[in-house]
Amino acid sequence: MSKTVVNGLLALAACYTLLPVSWLLIAATKNHRDLFATSGFAFGDVDLVANLRHLFAFDDGIYLRWLGNSVLYSVVGSAASSLICVATGYAFDKYDFKGKEKLFALVLGGVLVPSTVIQLPMYLLATKAGVVDTYWALLLPALVNPFGVYLARVFSEGYVPDEVLEAARVDGAGELRTFARIGLPMLAPGFMTIFLFSFTASWNNFFGALVMLNDDRLYPVNLGLFMWNSVTQQQPEYYALVITGSLVAVLPLIAVFVCLQRFWRSGLTAGAVK
């Protein structure tokens, strides 16, 4: 009986999650007339290829540029952020220094601060640094990830035995070489898990881009779609662009989760009782 209840709840949760995506997939196949003339979950004349061609050719292919910007912000920023988090968490776990736990508590305090609260101070700092309306305006803030540092310390405690590091030091390896050759490979599941979280956050970072960017050629895809959606009342032809663009924007996240989910699952058990 309990299994039936649990499976039923999981099925309801799956339906609730997939319902908007299903509507988006169906709506992206419709032409402009069927988009308003048919029910939301009813297929019209399938016109997905024409919608994609129109999307990628519109305004000299600005959507492809937005998509490339999102890939740049998410992949480069997340990779650099994950490496910094892994190195920092490794240091917090394996080294003893004065004020370590107090400093780590300060890092954990950063997890409690909502990102929207610090957008104005970050904008003022970016203005002073002269990086507003540049790629650096989104890449530099992405390097700081307090939650990633916490996860990296947990991964380091669960995956990197102190005995292995001591053996490397006895063999004459320096601290940097020990981390690069031993610690970092052992922390690969943790690195990929932090990368997955960072990638998702960067890909969905709408408010930061809205505050920092004015040049539409620097927009990530979510901000570009928002700008298109804001003019749909005056120009209804943008509806098809927004819907098809939203479907395309979801695909990279799905691909990343499918490719990296095995690292995520293994990372969730780090530090568990064996």
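Counting from 1, one number per residue, gives the positions in the sequence shown under full-length UniProt numbering.
No residue lacks a Cβ here, since even glycine has one placed at the ideal position from N, Cα and C.
Where the alpha helix (DSSP H) through Arg153 begins and ends: Pro146 to Tyr159
Considering Asp93, what are the terminal residues of the alpha helix (DSSP H) in which it resides? Gly77 to Lys94
Work out the CA separation of Tyr238 and Val231 for me, nearest whole Å. Roughly 7 Å between the two C-alpha positions.
Element boundaries [alpha helix (DSSP H), containing Arg177]: Glu175 to Thr178
Taking the beta carbon of Leu106 as the centre, do at least 16 other beta carbons fall within 10 Å, making it buried, or is it exposed? exposed
Identify which residue in Leu83, Leu241, Val256 and Leu213 has its Cα closest to the Cα of Ala27. Leu241
Can at least three beta-carbon pairs, one atom from the segment 211-227 and one from the segment 53-73, be found at a separation below 8 Å? yes
With a threshold of 6 Å on Cβ separation, who are the neighbours of Gly89 within its own chain once the five nearest residues in sequence on each side are excluded? Val149, Ala152, Arg153 and Ser156
Do Phe206 and Leu223 have their CB atoms nearer than 9 Å? yes
Exposed or buried, Trp228, counting other C-beta atoms within 10 Å across all chains shown (16 or more means buried)? buried
Supposed contact pair Leu184 and Val86 - C-beta distance, whole angstroms, cut 8 Å: 7 Å
How many Å lie between Val250 and Ala42 at the Cα? If I take the Cα positions, the gap works out to 21 Å.
Would you check if there are 3 or more beta carbon pairs closer than 8 Å linking the segment 70-77 to the segment 126-143? With a cut-off of 8 Å, the segment 126-143 and the segment 70-77 count as touching, because enough Cβ pairs lie within range.
Between the CA atoms of Val221 and Gly68 - distance to the nearest angstrom: Between Gly68 and Val221, the C-alpha separation is close to 8 Å.
Between Val160 and the rest of its own chain, which residues show a CB-CB distance below 8 Å, the 5 nearest in sequence each way excluded? Tyr90, Asp93, Lys94, Ile182, Gly183, Met186 and Leu187
Could you give the distance in angstroms between the alpha-carbon of Asp45 and the alpha-carbon of Val256? Taking the straight line joining both Cα atoms gives about 31 Å.
Looking at the structure shown, is Ala28 part of a helix, part of a strand, or coil, going by DSSP? helix
In whole angstroms, give me the CA-to-CA distance for Pro20 and Ala142. Distance between the alpha carbons of Pro20 and Ala142 is about 29 Å.
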